[in-house]
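Since the structure comes first, as structure tokens, the remarks are kept for the end.
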Amino acid sequence: MVRGLLRKLAGQSLSVAGKSQQQQLRRLNIHEYQGAELMSKHGINVPKGVAVGSVDEVREALRNVFTNHSEVVVKSQILAGGRGLGTFKSGLQGGVHIVKADQVGDIAGKMLGQILVTKQTGPQGKIVSKVYLCEKLSLVNEMYFAITLDRKSAGPVSS
1 MVRGLLRKLA GQSLSVAGKS QQQQLRRLNI HEYQGAELMS KHGINVPKGV
51 AVGSVDEVRE ALRNVFTNHS EVVVKSQILA GGRGLGTFKS GLQGGVHIVK
101 ADQVGDIAGK MLGQILVTKQ TGPQGKIVSK VYLCEKLSLV NEMYFAITLD
151 RKSAGPVSS
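Mapping of the sequence shown onto UniProt numbering: position 134 corresponds to residue 134, and the numbering continues sequentially without gaps.
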């Protein structure tokens, strides 16, 4: 009974070539900055960062959060992977940039309101309405954390 309910919640039935197929529904879609906030609230160390939606907010973040930082990471926020290798329809290359503090407003302004195309978005791309400003860290190791749905057990699996 529980598995049936989970399957019902996790997918919807589609008919493809006369056969019933399960289509996964994504019920939790969060941006990188939202994930960082959640992890931070639960004791996981994450780089200092702030999401902004305008150049005015960028200036405020630089004054209040990044006063002693010579470089800042500017990350476009869309619900798709491959942002770093993406291309904006305006011609700007890459949705993630490490820039000098005095260039943050300029690069964020070139991202906000623009369409970013990645392998996951397809040619139509997605509009960037927020950028995530993060402190630049000197990394020894970088790790990727993800939670996916295991279809066999109909439960979450971390990787």
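For each residue, glycine too, the CB sits at the ideal point set by N, CA and C.
Rounded to whole angstroms, what is the Cα-Cα separation between residue i and residue j?
i: valine 2; j: aspartate 150; result: Summary for valine 2: the model assigns pLDDT 48, below 50, so the residue's position carries little reliability; its value from the coordinates is reported in the next sentence. Roughly 16 Å between the two C-alpha positions.
i: lysine 130; j: threonine 118; result: 16 Å
i: leucine 139; j: serine 40; result: 18 Å
i: glutamine 114; j: alanine 154; result: 37 Å
i: leucine 92; j: isoleucine 44; result: 33 Å
i: asparagine 68; j: glycine 109; result: 22 Å
i: asparagine 64; j: leucine 28; result: 31 Å
i: serine 54; j: threonine 148; result: 32 Å
i: glutamine 120; j: valine 128; result: 15 Å
i: lysine 136; j: glutamine 103; result: 14 Å
i: asparagine 141; j: leucine 38; result: 22 Å
i: serine 70; j: aspartate 56; result: 19 Å
i: methionine 143; j: glutamine 34; result: 18 Å
i: serine 90; j: lysine 152; result: 43 Å
Within 10 Å of its beta-carbon, does residue i have 16 or more other beta-carbons around it, so buried, or fewer, so exposed?
i: glutamine 12; result: Confidence at glutamine 12 is low in this model, with a pLDDT of 48, below 50, so its placement is unreliable and the value that follows should be read with caution. Glutamine 12 comes out exposed.
i: phenylalanine 66; result: buried
i: leucine 5; result: Reliability of the predicted coordinates at leucine 5 is poor, the pLDDT of 46 falling under 50, and the value obtained from them is presented with this limitation in mind. So leucine 5 ends up on the exposed side.
i: isoleucine 107; result: buried
i: valine 157; result: exposed
i: leucine 133; result: buried
Considering only their Cβ atoms, is the gap separating residue j from residue i smaller than 8 Å?
i: methionine 111; j: phenylalanine 145; result: no
i: leucine 116; j: glycine 125; result: yes
Compute the beta-carbon to beta-carbon distance between residue i and residue j, rounded to the nearest angstrom, for a pair I have assumed lies under 8 Å.
i: glycine 94; j: valine 58; result: About 18 Å separates the two Cβ atoms, so there is no contact after all.
i: valine 46; j: alanine 36; result: 4 Å
i: serine 31; j: leucine 79; result: First, the amino acid is wrong: residue 31 is histidine here, not serine. Right, their Cβ atoms sit about 7 Å apart.
Sufficient close CB pairs (3 or more, under 8 Å) joining the segment 50-67 to the segment 81-100: no
Segment contact, 8 Å Cβ cut-off, at least three pairs: the segment 67-77 with the segment 95-110: yes
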